[in-house]
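Visitor: One structure, pasted below without further comment.
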Amino acid sequence: MAQSIHDLWYGFSVAIQPGNFLWCVFGVLIGNLVGVLPGMGALATLAILLPLTYSIPVIPAILMLSGIFYGSMYGGAIGAILLNLPSHPPHAVTCLDGYPLTLQNRGGAALGIAMIASFFAASVGILIMVFVSPLLVDAASQFGPADIASIMLLGLLAGATMARGSPLRGIATTLLGLVCGLAGTDTTSGTLRFTFGLHDLSDGIELGALCMGLFGIADFLTHVNHPTPKAAPGPVRFRDVWPTRDDLKRSFLPMLRGTAVGTAFGAMPGTGPTITTFIAYAIERKVSRTPERFGKGAIEGVASPEAAAHSKTQVDFIPTMTLGIPGDPIMALILGALIIKGVQPGPQLITDHPDLFWGLVASFWIGNILLMVLNMPLIGVWVKLLQVPFRFLFPTAILFICIGVYAARNNLFDIYQVAFFGVVGAACLLLRFPLAPIVLGYVLGPMLEEDIRRALTISQGDLTTFIGRPISAIFVAASAVLIVFQIVAHVWAPKSMVPATAPILDE
Amino acid sequence: MPRTLFSAAPVVRSVNAQATGLLSALLLVLIGGGVVFAGIRYGVGTLRDMGAGFMPVVFGSLIALVGILIGLVEGRANLVGSDPRSSVDLRGAVFILAGTLSFVLLSSSAGLVPAVFACVVLAAFGDRTNSLKDALLLAAAWAAVCGVGFGIGLNLGLPLFWWS
Chain A
0 MAQSIHDLWY GFSVAIQPGN FLWCVFGVLI GNLVGVLPGM GALATLAILL PLTYSIPVIP
60 AILMLSGIFY GSMYGGAIGA ILLNLPSHPP HAVTCLDGYP LTLQNRGGAA LGIAMIASFF
120 AASVGILIMV FVSPLLVDAA SQFGPADIAS IMLLGLLAGA TMARGSPLRG IATTLLGLVC
180 GLAGTDTTSG TLRFTFGLHD LSDGIELGAL CMGLFGIADF LTHVNHPTPK AAPGPVRFRD
240 VWPTRDDLKR SFLPMLRGTA VGTAFGAMPG TGPTITTFIA YAIERKVSRT PERFGKGAIE
300 GVASPEAAAH SKTQVDFIPT MTLGIPGDPI MALILGALII KGVQPGPQLI TDHPDLFWGL
360 VASFWIGNIL LMVLNMPLIG VWVKLLQVPF RFLFPTAILF ICIGVYAARN NLFDIYQVAF
420 FGVVGAACLL LRFPLAPIVL GYVLGPMLEE DIRRALTISQ GDLTTFIGRP ISAIFVAASA
480 VLIVFQIVAH VWAPKSMVPA TAPILDE
Chain B
0 MPRTLFSAAP VVRSVNAQAT GLLSALLLVL IGGGVVFAGI RYGVGTLRDM GAGFMPVVFG
60 SLIALVGILI GLVEGRANLV GSDPRSSVDL RGAVFILAGT LSFVLLSSSA GLVPAVFACV
120 VLAAFGDRTN SLKDALLLAA AWAAVCGVGF GIGLNLGLPL FWWS
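Protein sequence lines correspond, in order, to chains A and B. Be aware that the first sequence starts at 0, since it is given in numbering that gives the first Met the number 0, and climbs by one per residue. Be aware that the second sequence starts at 0, since it is given in numbering that gives the first Met the number 0, and climbs by one per residue.
Take a look at the structure:
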């Protein structure tokens, strides 16, 4: 406990170094901006800015990428509340009550509550990260390769089946991602795998190119010339942002409940922020004494989901940083960036790179405070930006994708990869395959292979090692339960619901 | 002018859910089979000493298996799915890909500025609501910004023009 506080203090000294602080500010601002812009997700932005991190040291790189992630969460609320734009799935549920509040000229108060709830929830999430991570690291020092492989198995299965859409399709794209991760030179035998005779593929598929293709180009390919929601914001002034005493009183308990939901789900791999916010909203309506107010501008319906999204966002970092197992595609991308920078993820990360871990945690706080302070006066600017039309936005984004992916390795071949994965991604969207599990699989593929190989070498080829060790057995059992649950849910579901026709949005 | 070539109504193909299911299943079985085949060629090895092809064979078999399951589950359900993303606009898609590829083809030969211009103008032209003038202006603006930015400041390692 005291050690954690001491380490956190050290983290602040790392995070406020100008070289780190400025990149954190940059990431947070960019994240906030894209969070506001419809049609630009955090994942696409992370992918586009990933090449920028290749030329800077690892700490500012990770601070910036993380800043984009949580910064975009603040921005998304603005679009949802002021414009009824559910373009960012985690905030779709915020539209339900946020927009009616805007129509009643109380949009400013809704934004204020969203900011306060977000900040509170993020702070709780950070505190949990500070105190839980060292405990998890202690536990993880007992983990062998078999245990790690089983944890990854559960993470992959949860990521594949708990996203929206058909679980089978999620498993299919996870597996495709795993295969993509194996492409290139096999580290043990030196065999070239899935390179199709292309020398440029011998280093494997480029993470940035994969993500930009799947979440940038594929998105534009399927969105172009389709009607997009029209934006018509009302004017919001700075002094409107202060919620009334009544708003605060009403929002306090929902904020706590939302934070609890977000934290609980944050610990569960594979559950995106979207499902978390929907559950938080549902709980709020259930416990409310006046459920009929929901959907017509209940401030509780803004506070709880926003809190859930933000605590989830922070807690999400725990398994990624302590075990090296990312819970969702954004974490997979951040983990990928760590690996590119030569940092070996896993339980030893905190001891090997205390400046990185504690600096990151401290930067969360700095970033969140900045977002609170910046968002209020900047709301007017964000609202203006919301009016940049898609027809100008996407050609610009394509240009930045091309330059970015080229600049990463000074290799034009990578742009062909972007185009290829753009087409693959568009085909997946048309065939209703979710894209996010591909990235999770891609990052975990080589790690999973390595751990299974080591586990089986240690056990002399005995497969029972995965169920013989207690920790591994727990995770294998949990994976089995997950599969059985999916089968039961499928058999019991009304037949008309079998093919999920809901649009697959990526979190 | 390509404008007249593509000015017909957007190409919208609504996809039947059953057909989507069967097509997905078929594709997965083919991909899975291909991965297994490649894995066997890389050498499977033994459990104690896994070869380079071991995991590809495992993953490939699972992909094919999932494909078969999707075929069984969705191939029978006779439902029409309506998904806002179940169609791709042909003009938009062609121009977006042309813009992306033009950047690769032009940047090493003609230079960065022409590549930026071609990339943006082609991509912008994929949107039916963009006029030729809008597309040209947007492209010219980005070409100027990139020319100045990468010419004076950052060095990308690409020539700005074909003569430089």
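Positions of the beta carbon are idealized from the N, C-alpha and C atoms, including for glycine.
Give the range of the alpha helix (DSSP H) segment to which Lys285 (chain A) is assigned.
Guide: Reading the first sequence from its first residue, position 286 is the one you call residue 285 (chain A). Pro272 to Val286 is the extent of the alpha helix (DSSP H) around Lys285 (chain A).
Visitor: With 8 Å set as the bound, which would you pick, yes or no: does the beta-carbon of Glu448 (chain A) sit closer than that to a beta-carbon of chain B?
Guide: Here residue 448 (chain A) is taken as the residue at index 449 of the first sequence, counted from 1. Closer than 8 Å to some Cβ of chain B, the Cβ of Glu448 (chain A) qualifies, so yes.
Visitor: Rounded to the nearest angstrom, what separates Leu22 (chain B) and Ala114 (chain B) at their Cα positions?
Guide: On the second sequence, position 23 is the one that residue 22 (chain B) refers to. On the second sequence, position 115 is the one that residue 114 (chain B) refers to. So the two alpha carbons sit approximately 37 Å from each other.
Visitor: Shorter than 8 Å from the beta carbon of Trp164 (chain B) to some beta carbon of chain A?
Guide: Not covered by the structure: residue 164 (chain B). The range shown for chain B is 0 to 163.
Visitor: Looking at chain B, which residues of the segment 174 to 187 of chain A have a Cβ within less than 9 Å of any of its Cβ atoms?
Guide: Within the segment 174 to 187 of chain A, the residues whose Cβ lies closer than 9 Å to some Cβ of chain B are Leu174, Leu175, Leu177, Val178, Leu181, Asp185 and Thr187, listed in chain order.
Visitor: Any idea what DSSP makes of Arg40 (chain B), helix, strand or coil?
Guide: Position 41 of the second sequence, counting from 1, holds the residue named residue 40 (chain B). In the structure shown, Arg40 (chain B) sits in a helix (DSSP, three-state: H, G or I).
Visitor: Less than 8 Å between the beta carbons of Ala297 (chain A) and Asp6 (chain A), yes or no?
Guide: On the first sequence, position 298 is the one that residue 297 (chain A) refers to. On the first sequence, position 7 is the one that residue 6 (chain A) refers to. For Ala297 (chain A) and Asp6 (chain A), no; Cβs fall outside 8 Å.
Visitor: Under 8 Å, with one C-beta from each stretch per pair, do the segment 271 to 281 of chain A and the segment 89 to 103 of chain A reach the 3-pair mark?
Guide: Contact between the segment 271 to 281 of chain A and the segment 89 to 103 of chain A is present, because at least three Cβ pairs lie under 8 Å.
Visitor: Excluding five sequence neighbours on each side, which residues of the same chain lie with their C-beta closer than 7 Å to the C-beta of His352 (chain A)?
Guide: Taking the first residue of the first sequence as position 1, residue 352 (chain A) is located at position 353. For His352 (chain A), where only same-chain residues beyond five positions count, the Cβ hits under 7 Å are Val342.
Visitor: So what's Arg468 (chain A) in DSSP terms, helix, strand or just coil?
Guide: On the first sequence, position 469 is the one that residue 468 (chain A) refers to. In the structure shown, Arg468 (chain A) sits in coil (DSSP, three-state: anything other than H, G, I, E or B).
Visitor: Just checking: is the beta-carbon of Phe160 (chain B) within a distance shorter than 8 Å of some beta-carbon in chain A?
Guide: Walking along the second sequence from the start, residue 160 (chain B) turns up at place 161. False, the Cβ-Cβ gap to chain A never drops below 8 Å.
Visitor: Tell me, please, whether the segment 171 to 188 of chain A touches the segment 56 to 68 of chain B by the rule of three or more beta-carbon pairs shorter than 8 Å.
Guide: Counting Cβ pairs under 8 Å, three or more are found: they touch.
Visitor: Helix, strand or coil for Arg192 (chain A)? Go by DSSP, reduced to three states.
Guide: Locating residue 192 (chain A) in the first sequence gives position 193, where the first residue counts as 1. It is a strand residue.
Visitor: Tell me whether Gly169 (chain A) is buried or exposed, calling it buried when 16 or more other Cβ atoms sit within 10 Å of its Cβ.
Guide: If you number the first sequence from 1, residue 169 (chain A) lands on position 170. Result: buried.
Visitor: Out of curiosity, what's the CA-to-CA distance linking Gly124 (chain A) and Phe412 (chain A)?
Guide: Translated into the one-based positions of the first sequence, residue 124 (chain A) becomes position 125. Translated into the one-based positions of the first sequence, residue 412 (chain A) becomes position 413. Their backbone Cα atoms lie some 41 Å apart in a straight line.
Visitor: Got a sec? Which residues, its chain only, sit under 6 Å from Pro17 (chain A) by beta carbon, not counting five neighbours each side?
Guide: Taking the first sequence and counting its residues from 1, the one referred to as residue 17 (chain A) is at position 18. If we look at Pro17 (chain A) and ignore the five residues flanking it on each side, it has no Cβ neighbours.
Visitor: Check the Cβ-Cβ distances between Ile151 (chain B) and every residue of chain A, and say whether any is below 8 Å.
Guide: If you number the second sequence from 1, residue 151 (chain B) lands on position 152. Chain A, which has no Cβ nearer than 8 Å to the Cβ of Ile151 (chain B), makes this no.
Visitor: Would you check if the segment 18 to 32 of chain A and the segment 57 to 76 of chain A touch, i.e. whether three or more CB-CB distances between them fall below 8 Å?
Guide: Yes, the segment 57 to 76 of chain A is in contact with the segment 18 to 32 of chain A.
Visitor: State the start and end residues of the unbroken alpha helix (DSSP H) segment that holds Arg453 (chain A).
Guide: What you label residue 453 (chain A) is simply residue 454 of the first sequence in a count that begins at 1. Here the alpha helix (DSSP H) through Arg453 (chain A) covers Ala435 to Ile457.
Visitor: Looking only at its own chain, which residues have a Cβ that is under 7 Å from the Cβ of Pro242 (chain A), when we skip the five neighbours before and after it?
Guide: Locating residue 242 (chain A) in the first sequence gives position 243, counting from the first residue. The residues are Ala108, Gly111 and Ile112.
Visitor: Where does Thr508 (chain A) sit, in a helix, a strand or coil, going by DSSP?
Guide: The structure shown does not extend to residue 508 (chain A), since chain A is modelled only from 0 to 506, so the question has no answer here.
Visitor: Which residue's Cα is closest to the Cα of Ala51 (chain B): A:Gly66, A:Tyr9, A:Lys383 and A:Thr187?
Guide: Here residue 51 (chain B) refers to the residue found at position 52 when the second sequence is read from its first residue. When only C-alpha atoms are compared, the closest one is A:Thr187.
Visitor: Using a cut-off of 7 Å between C-beta atoms, extract the partners of Phe193 (chain A) located in chain B.
Guide: As a first step, residue 193 (chain A) is located in the first sequence; it is residue number 194 there, counting from the start. Those are Ala37, listed as they occur along chain B.
Visitor: Ala123 (chain B) CB to nearest chain A CB: under 8 Å?
Guide: Locating residue 123 (chain B) in the second sequence gives position 124, where the first residue counts as 1. Cβ-Cβ to chain A under 8 Å: yes for Ala123 (chain B).
Visitor: Which of helix, strand or coil does DSSP assign to Phe11 (chain A)?
Guide: Here residue 11 (chain A) refers to the residue found at position 12 when the first sequence is read from its first residue. Here Phe11 (chain A) sits in helix by DSSP.
Visitor: Applying a beta-carbon distance threshold of less than 7 Å, which residues of chain A neighbour Leu21 (chain B)?
Guide: Start at 1 with the first residue of the second sequence, and residue 21 (chain B) comes out as number 22. Those within 7 Å of Leu21 (chain B) in chain A number zero; the least Cβ separation is about 10 Å.
Visitor: Can you find a CB in chain A that lies within less than 8 Å of the CB of Ser106 (chain B)?
Guide: Within the second sequence, residue 106 (chain B) is the residue found at index 107, counting from 1. Ser106 (chain B) counts as touching chain A.
Visitor: With distances taken between CB atoms, is the gap from Met330 (chain A) to Asp354 (chain A) smaller than 8 Å?
Guide: On the first sequence, residue 330 (chain A) is found 331 positions in, with the first residue counted as 1. On the first sequence, residue 354 (chain A) is found 355 positions in, with the first residue counted as 1. Cβ atoms of Met330 (chain A) and Asp354 (chain A): not closer than 8 Å.
Visitor: Please return the same chain residues whose Cβ sits closer than 8 Å to the Cβ of Ser108 (chain B), not counting the five positions on each side in sequence.
Guide: The residue you call residue 108 (chain B) lines up with position 109 of the second sequence. Once the five neighbours on either side are set aside, the close Cβ partners of Ser108 (chain B) are Trp161.
Visitor: When you compare only the Cα positions, how much space is there between Leu462 (chain A) and Arg47 (chain B)?
Guide: In the first sequence, residue 462 (chain A) corresponds to position 463, counting from 1. In the second sequence, residue 47 (chain B) corresponds to position 48, counting from 1. Taking the straight line joining both Cα atoms gives about 10 Å.
Visitor: Which whole-angstrom value is the C-beta distance of Asp327 (chain A) and Gly158 (chain A), which I expect to be below 8 Å?
Guide: Translated into positions along the first sequence, residue 327 (chain A) becomes position 328. Translated into positions along the first sequence, residue 158 (chain A) becomes position 159. Indeed, because the Cβ distance is near 7 Å, the residues count as touching under 8 Å.
Visitor: Beta-carbon within less than 7 Å of Val260 (chain A)'s beta-carbon, same chain only, minus the 5 sequence neighbours each way: which residues are those?
Guide: Taking the first residue of the first sequence as 1, we reach residue 260 (chain A) at position 261. Closer than 7 Å at Cβ, skipping near neighbours: Thr275, Ile278, Ala279, Ile282 and Ala307.
Visitor: Cβ atoms of Ile349 (chain A) and Phe142 (chain A): under 8 Å apart, would you say?
Guide: Your numbering for residue 142 (chain A) matches position 143 in the first sequence. Your numbering for residue 349 (chain A) matches position 350 in the first sequence. Against a cut-off of 8 Å, the Cβ pair of Ile349 (chain A) and Phe142 (chain A) comes out as no contact.
Visitor: Are the segment 368 to 380 of chain A and the segment 196 to 205 of chain A touching, with three or more C-beta to C-beta distances below 8 Å?
Guide: Cβ pair count under 8 Å is below three, so no.
Visitor: Find the residues of chain B that neighbour Asn409 (chain A), judging by a C-beta separation of less than 9 Å, and give them in chain order.
Guide: As a first step, residue 409 (chain A) is located in the first sequence; it is residue number 410 there, counting from the start. In chain order: Leu155, Gly156 and Leu157.
Visitor: Does the segment 387 to 400 of chain A come within contact of the segment 209 to 228 of chain A, defined as at least 3 CB pairs closer than 8 Å?
Guide: The answer is yes - the segment 209 to 228 of chain A touches the segment 387 to 400 of chain A, with three or more Cβ pairs under 8 Å.
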